[in-house]
Amino acid sequence: MPRATTKQDLTDDERVSLYHDLLEHKEGGRLPQGKAKALLLKYGISRQTLSRVWRRGQDSKASTGVANVALLKQGRCGRPKKWSLDDMEAAVKSVPAHLRMTLAMLASTSGISSTTLWRLLKTKKLRRRTSRIKPMLTDKHKTDRMTFARSFLHETTRQGMRWHDMLDLVHIDEKWFYITMVNRRYYLWHDEAIPVRKCSSKRHIIKVMFLTAVARPRFDHAKKAMWDGKIGMWPFVTQAPAQRASKNRDRGTMITTPTTVTKY
Numbered sequence: 001m002p003r004a005t006t007k008q009d010l011t012d013d014e015r016v017s018l019y020h021d022l023l024e025h026k027e028g029g030r031l032p033q034g035k036a037k038a039l040l041l042k043y044g045i046s047r048q049t050l051s052r053v054w055r056r057g058q059d060s061k062a063s064t065g066v067a068n069v070a071l072l073k074q075g076r077c078g079r080p081k082k083w084s085l086d087d088m089e090a091a092v093k094s095v096p097a098h099l100r101m102t103l104a105m106l107a108s109t110s111g112i113s114s115t116t117l118w119r120l121l122k123t124k125k126l127r128r129r130t131s132r133i134k135p136m137l138t139d140k141h142k143t144d145r146m147t148f149a150r151s152f153l154h155e156t157t158r159q160g161m162r163w164h165d166m167l168d169l170v171h172i173d174e175k176w177f178y179i180t181m182v183n184r185r186y187y188l189w190h191d192e193a194i195p196v197r198k199c200s201s202k203r204h205i206i207k208v209m210f211l212t213a214v215a216r217p218r219f220d221h222a223k224k225a226m227w228d229g230k231i232g233m234w235p236f237v238t239q240a241p242a243q244r245a246s247k248n249r250d251r252g253t254m255i256t257t258p259t260t261v262t263k264y
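Each residue of the sequence shown is one higher than the one before, counting from 1 in the UniProt record's numbering.
Given below as structure tokens:
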């Protein structure tokens, strides 16, 4: 007859629970009649395992003062590891950064399997990080930035060098905005319908440029409140009548279209 499949090893929590049951029910160093069999059925173990857990707990308690019945198999059984942690670290670091952008690419260049690399990622030995391109500043750029910052420093007769309060400056910039997004989230009542939004192609959503003007926030003495510094935003668009009729509108209907902005 084929050998019956044995139960897996007890977890550390189960071993601790078994040891506590033995401590609770042992009287004079012996278990009551039938109690050992009940524990064997409860945990699905053999008498040898029961004795081994009890002996381990008593020996560790006698030597260290604390009973330890944890399983000692971890790291001492199974197939030997092909790669040590130091070898994997050296193999990963030897691969250039541009060949480490995916786990498959790193696995093929380092010789470490993708499964092993995934385990390293889960144990946080390997990290996934994003690199953003940064502006390359030349010495002239740095000098111009320093000159611009120093232009706001003024020398006074009484208080020495002081920074300009920038209350008379207005910052103007251009901002791009899409008229809508592919995905939108709404909070609707249970009987409301989802708003229908349609576009000829989600890859060609209209993009509009706005001219934005802001200044330094300050206290408005007339309104007795803080002013947030927002002056306004103006879109670069034109309104013109439709040249021909379509299923969406009649001829002559005023339509808004973005304007191409050219810098001179």
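We put the CB at the ideal spot given by N, CA and C, even for glycine.
Mapping the DSSP letters down to three states, classify residue 265 as helix, strand or coil. There is no way to answer for residue 265, as the model of the chain reaches only from 1 to 264.
DSSP has A225 in a bridge; who is on the other side? Counting from 1 along the sequence shown, the entry for residue 225 is found at position 225. In the DSSP output, where bridge partners are listed per residue, A225 has D220.
So what does DSSP say about K163, is it helix, strand or coil? Taking the first residue of the sequence shown as 1, we reach residue 163 at position 163. According to the sequence as given, residue 163 is Trp; it is not Lys. DSSP places W163 in strand when its eight states are reduced to three.
Complete alpha helix (DSSP H) runs within the stretch 24-75 (minimum length 4 residues, chain order): 35-43, 47-64
K142 lies in the alpha helix (DSSP H); which residues open and close that run? Taking the first residue of the sequence shown as 1, we reach residue 142 at position 142. That run of the alpha helix (DSSP H) goes 139-150.
DSSP-derived helix/strand/coil call for M254: The sequence position of residue 254 within the sequence shown is 254, counting from 1. Strand.
Taking only the alpha-carbon atoms, compute the straight-line gap between L23 and K73 and give it to the nearest angstrom. Here residue 23 corresponds to residue number 23 of the sequence shown, with the count starting at 1. Here residue 73 corresponds to residue number 73 of the sequence shown, with the count starting at 1. Near 24 Å, if we compare the C-alpha coordinates of K73 and L23.
Might you give, ordered along the chain, the residues of its own chain that have their beta carbon closer than 8 Å to the beta carbon of R3, omitting 5 neighbours on each side? Here residue 3 refers to the residue found at position 3 of the sequence shown. Because R3 carries a pLDDT of 44, less than 50, the predicted location of this residue cannot be relied on, and the following value inherits that uncertainty. If we look at R3 and ignore the five residues flanking it on each side, it has no Cβ neighbours.
Cut-off 8 Å between Cβ atoms - residues of its own chain near K35, not counting five sequence neighbours on either side: Within the sequence shown, residue 35 is the residue found at index 35, counting from 1. Closer than 8 Å at Cβ, skipping near neighbours: H25.
Bounding residues of the alpha helix (DSSP H) (the contiguous stretch that carries V92): To locate residue 92, count along the sequence shown from 1; it is residue 92. Note, V92: alpha helix (DSSP H), 85-93.
Classify L153 as helix, strand or coil using the three-state DSSP reduction. Here residue 153 is taken as the residue at index 153 of the sequence shown, counted from 1. Strand at L153.
Alpha carbon to alpha carbon, how far is F236 from H141? In the sequence shown, residue 236 corresponds to position 236, counting from 1. In the sequence shown, residue 141 corresponds to position 141, counting from 1. Whole-angstrom Cα-Cα distance: 31 Å.
With respect to the alpha helix (DSSP H) encompassing L121, which residues constitute its N-terminal and C-terminal limits? Translated into positions along the sequence shown, residue 121 becomes position 121. Counting along the chain, the alpha helix (DSSP H) containing L121 begins and ends at 114-122.
Thinking just about the alpha-carbon of each residue, which of V66, T64, S63, R30 is nearest to the one in L50? For the purposes of this step, residue 50 is taken as residue 50 along the sequence shown, with counting starting at 1. When V66, T64, S63, R30 are compared, the shortest CA-CA separation from L50 is found for R30.
Under 8 Å by Cβ, that's how I've got T256 and Q239 pegged, so tell me the actual separation to the nearest angstrom. Looking up residue 256 in the sequence shown gives position 256. Looking up residue 239 in the sequence shown gives position 239. Contact check for T256 and Q239: beta-carbon distance about 5 Å, within the 8 Å limit, so the pair qualifies.
Sort G229, R79, M101, K202 by Cα distance to L126 and report the nearest one. Counted from its first residue, the sequence shown places residue 126 at position 126. Nearest C-alpha to L126: M101.
DSSP three-state call for E192: helix, strand or coil? As a first step, residue 192 is located in the sequence shown; it is residue number 192 there, counting from the start. Here E192 sits in coil by DSSP.
Evaluate the contact criterion for the stretch 107-116 versus the stretch 128-137: three or more CB pairs, one atom per stretch, below 8 Å. no
Out of H98, A38, L99, D9, which has the shortest C-alpha to C-alpha gap to C77? Position 77 of the sequence shown holds residue 77. Of the listed residues, the one whose Cα sits closest to C77 is D9.
Through-space distance from K175 to A213, alpha-carbon basis: Working through the sequence shown from its first residue, we reach residue 213 at position 213. Working through the sequence shown from its first residue, we reach residue 175 at position 175. Whole-angstrom Cα-Cα distance: 10 Å.
Give the single residue among W163, V196, S63 whose Cα lies nearest to the Cα of R150. Mapped onto the sequence shown, residue 150 falls at position 150. The shortest Cα separation from R150 among W163, V196, S63 belongs to W163.
T109 (DSSP reduced to helix, strand or coil): As a working note, residue 109 is residue 109 in the sequence shown. T109 falls in the helix class under three-state DSSP.
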